[in-house]
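One structure below.
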Amino acid sequence: MQDERVRYNDSDLQEFKKIIKEKIDKAEKDLQLIRESFINDQNNGTDDTSPTFKAFEEGAETLSKEQNSILAGRQEKFVRDLKNALIRIENKTYGVCRVTGKLIPKERLLAVPHATLSIEAKNMQR
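full-length UniProt numbering puts the first residue of the sequence shown at 1, with every later residue one more than the last.
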């Protein structure tokens, strides 16, 4: 009986680590841009325009800020999930489905590097 846990070899883990670090760098830059546009409160000079246009402008600005807030939250979660994937790489548990214990296919991890579930486990959740 084999008691050994299936996992990716160290060379594969290093390849995933490089990909994930690149994704974290890009995601953090994107998050910074989202935060800057969220904080950016520039006045577009609608003070002297008609009240109707100003109301539309303010409504659009509020909607845009809400959307940016939602985007920022999603991006923060994405960065956190990627950093957790780096921890799993260090623990040598990266790429192992947390439900089935089977190896998640490399293609899936390349597409979704922070995945913790195989497609099989993901489908069982539905």
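Don't be surprised by glycine CBs; every beta carbon is placed ideally from N, CA and C.
Between the C-alpha atoms of His-114 and Ala-85 there is a straight-line separation of about 5 angstroms. For the pair Asn-9 and Leu-110, the Cα-to-Cα distance works out to about 15 angstroms. With a 10 Å radius around the Cβ and a threshold of 16 neighbouring Cβ atoms, Val-96 comes out buried. Only buried fits Ser-118, as 16 or more other CB atoms lie within 10 angstroms of its CB.
Excluding its 5 nearest sequence neighbours in each direction, Val-6 has C-beta neighbours in its own chain below 6 angstroms: Leu-103, listed in chain order. Annotation for Ala-115: no alpha helix (DSSP H) segment contains it, and DSSP assigns it neither H nor E. Membership of Gln-14 in the alpha helix (DSSP H) is indicated by the continuous run 10-39.
Under DSSP, Leu-103 forms a beta bridge with Val-96. By the beta-carbon neighbour count (other beta carbons within 10 angstroms, threshold 16), Thr-100 is exposed.
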